[in-house]
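For the record, the sequence lines run as chains A and B. All the letters of the first sequence, read from the start, carry residue numbers 19 to 239 under my numbering. All the letters of the second sequence, read from the start, carry residue numbers 10 to 427 under my numbering. Notes follow once the structure below has been shown.
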Amino acid sequence: MNIYVKAFAITVAVFLFGLFVGLNIERFMLSDLEARSSSIESSIRDIEIEMLYFQGLGGNESCTFLKEVVRSTNNKLDVMSDQLSSYNGKDIVFTSGQVAEVKATYTSLLIKDWILQERIKQQCNSTGVSVLYFYTTDDCDDCVLQGDTLMLLKGNLKDKLMVFPLDVDVDSSMVDMLMTKYGVESEPSIVVDGRLYSGVVQKDALKDIVCTGLPGASECA
Amino acid sequence: MPYLLFIFFVLFVGVYMVVWFLLAATARKDKLHERVSWGRRPHVSILVPARNEERNITRSLESIAGLDYPKGRLEVIFVDNGSTDRTVELADRFRKALRGSLKMKMLSVPVPGKGNALKDGMRHATGEIIGVLDADTYVAPDCLSRMVPYFKDASVGAVTNYVKPAKAAGMMAALQDMEYVFSSFSKKVLSTLDSLYVVPGTLSLIRKDVIMKVGFPNDTLTEDMDMAICILKSGYKIENNMDAVAYTAIPTSLAALLKQRVRWYRGFIENMVKHSDVLFNRKYPHLGGFVLPFSSFLAVFVGVSLTAMLLLSILDSALLSARRVLNVPFADSLDLLSASLGTVNAAKLFASPYSSIVYALILASSVVAVVAAFRLQNIRLRDSILLLPVYFFVYYTMIMVFWAVSIAAELLNARKRW
Numbered sequence: 019m020n021i022y023v024k025a026f027a028i029t030v031a032v033f034l035f036g037l038f039v040g041l042n043i044e045r046f047m048l049s050d051l052e053a054r055s056s057s058i059e060s061s062i063r064d065i066e067i068e069m070l071y072f073q074g075l076g077g078n079e080s081c082t083f084l085k086e087v088v089r090s091t092n093n094k095l096d097v098m099s100d101q102l103s104s105y106n107g108k109d110i111v112f113t114s115g116q117v118a119e120v121k122a123t124y125t126s127l128l129i130k131d132w133i134l135q136e137r138i139k140q141q142c143n144s145t146g147v148s149v150l151y152f153y154t155t156d157d158c159d160d161c162v163l164q165g166d167t168l169m170l171l172k173g174n175l176k177d178k179l180m181v182f183p184l185d186v187d188v189d190s191s192m193v194d195m196l197m198t199k200y201g202v203e204s205e206p207s208i209v210v211d212g213r214l215y216s217g218v219v220q221k222d223a224l225k226d227i228v229c230t231g232l233p234g235a236s237e238c239a
Numbered sequence: 010m011p012y013l014l015f016i017f018f019v020l021f022v023g024v025y026m027v028v029w030f031l032l033a034a035t036a037r038k039d040k041l042h043e044r045v046s047w048g049r050r051p052h053v054s055i056l057v058p059a060r061n062e063e064r065n066i067t068r069s070l071e072s073i074a075g076l077d078y079p080k081g082r083l084e085v086i087f088v089d090n091g092s093t094d095r096t097v098e099l100a101d102r103f104r105k106a107l108r109g110s111l112k113m114k115m116l117s118v119p120v121p122g123k124g125n126a127l128k129d130g131m132r133h134a135t136g137e138i139i140g141v142l143d144a145d146t147y148v149a150p151d152c153l154s155r156m157v158p159y160f161k162d163a164s165v166g167a168v169t170n171y172v173k174p175a176k177a178a179g180m181m182a183a184l185q186d187m188e189y190v191f192s193s194f195s196k197k198v199l200s201t202l203d204s205l206y207v208v209p210g211t212l213s214l215i216r217k218d219v220i221m222k223v224g225f226p227n228d229t230l231t232e233d234m235d236m237a238i239c240i241l242k243s244g245y246k247i248e249n250n251m252d253a254v255a256y257t258a259i260p261t262s263l264a265a266l267l268k269q270r271v272r273w274y275r276g277f278i279e280n281m282v283k284h285s286d287v288l289f290n291r292k293y294p295h296l297g298g299f300v301l302p303f304s305s306f307l308a309v310f311v312g313v314s315l316t317a318m319l320l321l322s323i324l325d326s327a328l329l330s331a332r333r334v335l336n337v338p339f340a341d342s343l344d345l346l347s348a349s350l351g352t353v354n355a356a357k358l359f360a361s362p363y364s365s366i367v368y369a370l371i372l373a374s375s376v377v378a379v380v381a382a383f384r385l386q387n388i389r390l391r392d393s394i395l396l397l398p399v400y401f402f403v404y405y406t407m408i409m410v411f412w413a414v415s416i417a418a419e420l421l422n423a424r425k426r427w
């Protein structure tokens, strides 16, 4: 057989092999993300049930339990956020629709977690600052910088600071609503204690802003 | 999605080229180490054009004297092309030392231009077969006797040999050694497909009748390619023997390499333009149908788009990295680093699955091609195995950049020199 045709056939075979490997990697990644999402979903259900109990029947020991569940849920959310931000949408062939769905579900869970945390803070009189962080993966170098700064501060303040990264490109009506409510028009933007800060907030300024919500914290001295 | 299509396309082209090459190389394994014999020993005239080659000329000439071809059927025609150093003096000294054991003529063509030098040499050549040996190249003793027999076939117009770099030290030399193993081998493969398009001045032999017909073209930067295509166009074949070895001087500095390659690649482009009638011409099924169009396409593609992409992405990530470093003070950046390392997960490994797969496949196929080239020539790869990564990641990238420079220079019509 003609070597040109033979070469074409072999190349197509290599190509298909590559796609096959890619498909399997995609499937693996997707099932990993879906598993994490389910795990977070059940954690949040736990929080909701506990809060119902607390409001109706419980006492002070609920707060300790709630704080613990919240902490572990936040960890899971952090890890999944990391996963999602690395797994870039532009390089997915077969499962992009499903990944988008997982991203949307994750965003809803994140917002739910934020709402529950705010309520718990009120009811348990606990300290802690929540930061809503609006970003995009579409050509936003500033977002990378803001991400670095937030991660740094979180390393310092640990559980006293909770960051909720919200990808504005995800199809979520909740995100759109929050953006309208706080007047978010550009990325990166952060909302701390109901106040909007647009553009990159430098490390020291950010620390000051967060620390006003943490009076008496040792890290804020 | 357009980004993905682009990299899939690159993958396809890259792998296709390698697969085609492997199929072509293994199709005529019988020819790779062939030994052709012939009862006749025709007269051979070796033209040695030289300009300011005092360092190499003696070695070249002595290698001709060392050939195992009957001296009575050999003559050397030295053509000085405007040398201002001791080249002529050394050539003359060599001639005197011959004491008539080998016929040698000394000519002078003051106006610089290899074509002119060769034309003048031709007028004094009495041999049936003409060889061209650049002064920076020397040959193995059996080189000529392995090449001449191919002329037994009347349709053979030229015969080329296997070029190796002359022994030199340093990383540049080692990388070029590896490069030549592959490129010299591919010349043989091309010759089995009537697609060898270069007759380099490393003692390539050309039938005198053919030169009379075709002349020594002088209007491109790489007259060896021009000549070859002209020979093919006039209906003759070009053969290659891998056991006939010639050693050529190679550039040892980056600047010299750049200069050499820009000349080669610009010459390639010029010849493609000059001989564009070969492209997709049924008369030259392999050369015109695949080899030349594919090489040109690859050169432009690799030279321009990939280099541009590489540079842009380097620039882009350099800018961002600089900003990130400025944003986070050094003392804190270590904390940041450990925080991000703490969350090593699958996503970081498979962040861009297809980019990684494509990259891996292209790399794998290139390695396969190089390994095959070594194996088919019975050369040990084990010694150079550590060099392979440097070759693929550093040297290849450099060559890509050289292509980009050449294309730019050609488009901007920069000044040309021999």
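Don't be surprised by glycine CBs; every beta carbon is placed ideally from N, CA and C.
DSSP places R332/B in the uninterrupted alpha helix (DSSP H) bounded by 316 to 336.
Residue state for F225/B is assigned as coil, using DSSP reduced to three classes.
Given a length threshold of 3 residues, each whole run of the beta strand (DSSP E) inside the stretch 216 to 271 of chain B is given here in chain order: 246 to 257.
The alpha carbon of R391/B has as its nearest neighbour, out of A144/B, M187/B, E84/B, the alpha carbon of M187/B. Classified as buried, I65/A has 16 or more neighbouring CB atoms from the shown chains inside 10 Å of its CB.
The secondary-structure analysis by DSSP pairs K114/B across a beta bridge with I86/B.
If you draw a straight line from the Cα of T125/A to the Cα of L175/A, it is about 24 Å long.
Secondary structure in the stretch 97 to 171 of chain B: the beta strand (DSSP E) runs of 3 residues or longer, each lying completely within the stretch, are 112 to 117, 138 to 142, 146 to 148 in chain order. V27/B is positioned such that its CB atom lies closer than 7 Å to that of A378/B.
Here DSSP, grouped into helix, strand and coil, assigns S60/A to helix.
L184/B: member of the alpha helix (DSSP H) spanning 180 to 200, first to last residue. Annotation: D252/B to D145/B spans about 20 Å, alpha carbon to alpha carbon.
Contact between I247/B and V24/B does not hold, since the beta-carbon distance rounds to 28 Å and is not under 8 Å. For the stretch 16 to 32 of chain B, residues whose beta-carbon sits nearer than 8 Å to a beta-carbon of chain A comprise F17, L20, F21, V24, Y25, V28, W29, L32. Here DSSP, grouped into helix, strand and coil, assigns V147/A to strand. Proximity of A31/A to chain B, defined by a Cβ-Cβ separation below 7 Å, is not satisfied.
Scanning chain A for C-beta atoms nearer than 7 Å to the C-beta of P362/B yields G40, I43, E44, D109, reported in chain order.
DSSP, reduced to helix, strand and coil, places D185/A within a strand of the structure shown.
Listed along chain B, the residues sitting closer than 8 Å to T167/A by beta-carbon distance are N336, V337. Excluding residues up to 5 positions away in sequence, P79, R82 lie with their Cβ nearer than 6 Å to the Cβ of R50/B in the same chain.
Counted as a single uninterrupted DSSP element, the alpha helix (DSSP H) harbouring S114/A occupies residues 114 to 142. Taking D94/B as the centre and dropping the five residues before and after it, the same chain places the C-beta of N61, E63 closer than 7 Å to its C-beta, in chain order.
Between D160/A and P233/A, the C-beta spacing is not below 7 Å. Listed along chain B, the residues sitting closer than 8 Å to V162/A by beta-carbon distance are L329, R333. Annotation for L214/A: the continuous beta strand (DSSP E) segment containing it runs 213 to 216. Taking a contact to require three or more Cβ pairs closer than 8 Å, the stretch 277 to 288 of chain B and the stretch 235 to 243 of chain B qualify as touching.
With distances taken between CA atoms, A182/B lies nearest to Y256/B out of K114/B, V141/B, F225/B, Y256/B.
A direct Cα-to-Cα measurement between V271/B and D162/B gives close to 36 Å. Contact residues of the stretch 169 to 183 of chain A toward chain B are M169, L170, K172, G173, N174 (C-beta to C-beta distance below 9 Å). Beta-bridge analysis with DSSP links I55/B to V85/B, G140/B. Less than 7 Å separates the beta-carbon of P209/B from that of D233/B.
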